[in-house]
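One structure is given below, encoded as structure tokens.
2 protein chains.
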Amino acid sequence: MDGVSDTATAEPRLKAARAGQERGPKQDRSRATHRRLLEAAVACLAEHGWAGSTVSVVAERAGVSRGAAQHHFPTREDLFTAAVEYVAEERSVALRALFPEGAEGAGGAEGAGGAEGAGNGGVTGRPAVVAALVDLYTGPLFRAALHLWVAASNEDQLRPRVTELEARVGRETHRIAVELLGADESVPGVRETVQGLLDMARGLGLANLLTDDAGRRDRVVAQWAVLLDEALG
Amino acid sequence: MDGVSDTATAEPRLKAARAGQERGPKQDRSRATHRRLLEAAVACLAEHGWAGSTVSVVAERAGVSRGAAQHHFPTREDLFTAAVEYVAEERSVALRALFPEGAEGAGGAEGAGGAEGAGNGGVTGRPAVVAALVDLYTGPLFRAALHLWVAASNEDQLRPRVTELEARVGRETHRIAVELLGADESVPGVRETVQGLLDMARGLGLANLLTDDAGRRDRVVAQWAVLLDEALG
DNA sequence: AAACAAGCAAGCATGCTTGCATGTATTTAT
DNA sequence: ATAAATACATGCAAGCATGCTTGCTTGTTT
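As they're listed, the protein sequences go chains L and F. Just so we're aligned, residue 1 is where the first sequence starts under the UniProt record's numbering, counting upward by one. Just so we're aligned, residue 1 is where the second sequence starts under the UniProt record's numbering, counting upward by one.
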């Protein structure tokens, strides 16, 4: 199937054998199935919503049997809490993809400098940055996350995890947005301005859930890019 | 065991009395049950989400039996599509409650029982208007609407109705927002500015779903009220 | 006052989802 | 190569939600 793409530190619950077996599935097929189940879970979440994403549906989409899914994730909660982490990781990847170069590196990049590093290769100019940020909230990943949020708001098992996810990804998004926009957060109001922009992006993504009015979205984005330009100087 | 049920009159009588306390034992009882089911449906939607809002739960909350619910709404779809209309009506009422009763606009419609409005008869000043608009997206009504949207995005039966609802309420919200803000839509960009503001409000309401960070919300609202003031002149 | 219709409550049948148990195949270790 | 363990597939029972049918209470009509 796919190559060895060791991204997730798998935590399958298998007990160490007596003869010094290292933890983790040694078989590539297992990892592939694991990953495929996660991807299928996210895709189903975006397409069929929470209630419609039964383990049977997810397993079928993943191309495996329901028993296989159960083998990897004993309960439904386990499957989707794992999917939560997967979504967070994917969104972070998509986020960092906005960086053509510059400060990157997995996990690190805590540079809170602020007013430097605006002009980059891929995304240049405030309007383009705003458009790129909004685009983050129009794809299937945000769709899945949205379904996850709504479901988590009423599922006690999911809520803490999804809340933590949202906080983490939200912080990262804000940080990257500040950098890309070249905003100086030491100036009063700038932080709230960027936050409001991201909230608007969220709102646009929410509106996009039912009717994909790209025209309206583009106009709003263009106008707010102007307002942002004036606000940030 | 008990063969024929000859002494099963006490319990129904009690329930009937409770139902009768609403209004006079007339044909109005049917309407009362009808309305109570709708309110219960909306409340359950906000509290338990779509999947958690079974007809049993809704009926129990409404204080009627599941059979009664079925009598009024033969199918679950009927119940919640009716709830859709109810939500739209309630949101419109909450919207019109923002009018200080002096501005133009079609229809007076004084509040016949203010829902969860901000409780200010007259909203004066741009910051107050923005805050009032955002407050529209933090209450249980928006919560119910949000669950409805997400559910409708994957339910073929609901989607057209909820889409129509959103369009209608969205237009009304926009119109009222323009009036309250004293914005001149003939000026290019003003329309998109207001739309972006409402999208931001939606985004804030969405974020409010998981974590009710009123402080952050207030700060964002305050900042963007300033920006809006500058943009609208 | 009696008959009729409507609102309402309870029971039953069906379909679906979850979780567990059993069986089979592929892989790893001795 | 044999044996053990893991990965996977299939079958089964329990729980729940929906929809339908039946029976009882309440209100209207003649």
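Just so you know, even glycine gets a beta-carbon here, dropped at the ideal spot from N, CA and C.
Short Cβ contact (8 Å threshold) for residue i with residue j
i	j	result
L:L209	F:D199	no
L:L45	L:H147	yes
F:H48	L:N154	yes
F:V84	F:V162	yes
L:A88	L:R168	yes
F:L232	F:V130	no
L:S53	L:A41	yes
L:A68	L:A59	yes
F:A43	F:R66	no
F:G182	L:V226	no
L:A152	L:R159	yes
F:E172	F:V178	no
L:L95	L:I176	yes
L:E164	L:W149	no
Rounded Cβ spacing between residue i and residue j (contact assumed at less than 8 Å)
i	j	result
F:L180	F:L98	6 Å
L:V220	F:E90	The Cβ separation is near 27 Å, so there is no contact.
L:A222	L:P127	6 Å
F:E77	F:Q157	5 Å
Buried or exposed (CB count within 10 angstroms, at least 16 for buried), residue i
i	result
F:S56	exposed
F:G196	buried
F:A214	exposed
L:T75	exposed
F:D135	buried
F:T211	exposed
F:R36	buried
L:T81	buried
F:R202	buried
L:G125	exposed
L:G63	exposed
F:V187	exposed
Residue i CB to nearest heavy atom of the ligand MG below 7 Å
i	result
L:E89	Absence of the ligand MG is noted for the structure shown, with no ligands found whatsoever.
Problem - Contact list for the stretch 140–154 of chain L against chain F, Cβ threshold 9 Å - result: R143, L146, H147, W149, V150, A151, A152, S153, N154
Exercise for the section: Run through the stretch 126–166 of chain L for me and flag every whole alpha helix (DSSP H) of 4 or more residues, listed as ranges in chain order. Expected result: 126–135, 140–152
Practice task
Mind checking the UniProt domain "HTH tetR-type" (31–91) of chain F against chain L and listing, in chain order, the residues whose C-beta falls within less than 8 Å of any C-beta there?
Solution key: Residues passing the 8 Å Cβ filter: E47, H48, G49, W50, A51, G52.
Problem - Inside the stretch 17–96 of chain F only - alpha helix (DSSP H) runs reaching at least 4 residues - result: 28–48, 55–62, 66–72, 76–96
Practice task
Taking a Cβ distance cut-off of 9 Å, strictly less, list which residues of the stretch 202–226 of chain F are near chain L, in chain order.
Solution key: R202, G203, L204, G205, L206, A207, L209, L210, T211, R216, R217, R219, V220, V221, A222, Q223, W224, V226
Practice task
Using a Cβ-Cβ cut-off of less than 9 Å, list which residues of the stretch 156–183 of chain F approach chain L; keep chain order.
Solution key: Hits within the stretch, in order: R159, V162, T163, E166, A167, G170.
Problem - Segments of 4+ residues assigned as alpha helix (DSSP H) that fall wholly inside the stretch 174–208 of chain L - result: none
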